[in-house]
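K.L.:
Residues are numbered in my numbering as their position in the sequence shown, beginning at 1, plus a constant of 12.
First, the structure itself, so that you have it in front of you.
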Amino acid sequence: MTIGTETLYYRGDDVDLEATLYLDDAVGGGLAGVLLFPEALGPGPNVYDRARRLAEAGYAALVCDLHGGVVHSFTNSGAGAMGMPDFARYDAAADRASWNAMMALFADTIG
C-alpha cells in the first residue's frame with residue numbers, strides 16, 4: 013500500500029484556497045471520503061497524520077483550507093499589531109465560500 017498526496021488548488025468567492033488529498037494509490041475512485049479541518053492555527057502534523065491513517069484505512073481524506081492564507085485575529089494574537097482590530101479579520105462569508113468550494117472540489121475529485 014502506498015499513500016499518495018496531492019495538493020489541490022481552488023478558488024471560492026475570490027479567495028485562493030488549497031487542500032491536500034490523501035489516497036491509497038492502488039485504489040480507484042468511488043471511495044468514501046472524510047473532510048479534515050485544521051486546528052485554529054491551520055493544518056498541523058496531527059491533521060496530516062490523521063489523514064494518512066484514514067487513507068490507509070481505505071478512505072479518501074482531504075485536509076481542508078478554511079482561511080485561504082488570511083491571518084484571522086482568533087488564530088493570531090498579533091493581528092491587532094498588524095493594524096487590524098481583533099474583530100475585523102474574521103469573515104463568515106469567506107468561510108462559507110471556502111466550505112462550498114471545498115465540497116465542490118471534493119465531489120469533483122473523488123466523485
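Glycine included, every Cβ here is placed at the ideal spot set by N, Cα and C.
All of these numbers come straight from a predicted model, not from anything done at the bench.
Please classify V39: is it buried, with 16 or more other beta-carbons within 10 angstroms of its beta-carbon, or exposed?
P.N.:
By the neighbour-count rule (16 or more Cβ atoms within 10 Å), V39 is not buried but exposed.
K.L.:
Would you give the residue range spanned by the beta strand (DSSP E) that E18 belongs to?
P.N.:
Unbroken beta strand (DSSP E) run through E18: I15 to G24.
K.L.:
Below 8 angstroms, how does it come out for the stretch 44–53 and the stretch 20–29: are there three or more Cβ pairs, yes or no?
P.N.:
Too few Cβ pairs lie closer than 8 angstroms, so no.
K.L.:
Would you mind stating whether L33 and L20 have Cβ atoms separated by less than 7 angstroms?
P.N.:
Cβ distance < 7 angstroms, so L33 and L20 count as in contact.
K.L.:
Hey, would you say I15 sits closer than 7 angstroms to A69, going by beta carbons?
P.N.:
Cβ distance not < 7 angstroms, so I15 and A69 don't count as in contact.
K.L.:
At what residues does the alpha helix (DSSP H) containing L43 begin and finish?
P.N.:
That residue, L43, is in no alpha helix (DSSP H); it is neither H nor E in DSSP.
K.L.:
From which residue to which residue does the beta strand (DSSP E) around L29 run?
P.N.:
Per DSSP, L29 belongs to the beta strand (DSSP E) from V27 to D36.
K.L.:
In three-state terms, what does DSSP make of L78?
P.N.:
The answer is coil: DSSP assigns L78 none of H, G, I, E or B.
K.L.:
Quick one: what does DSSP say A113 is sitting in, helix, strand or coil?
P.N.:
If DSSP states are grouped into helix, strand and coil, A113 belongs with the helices.
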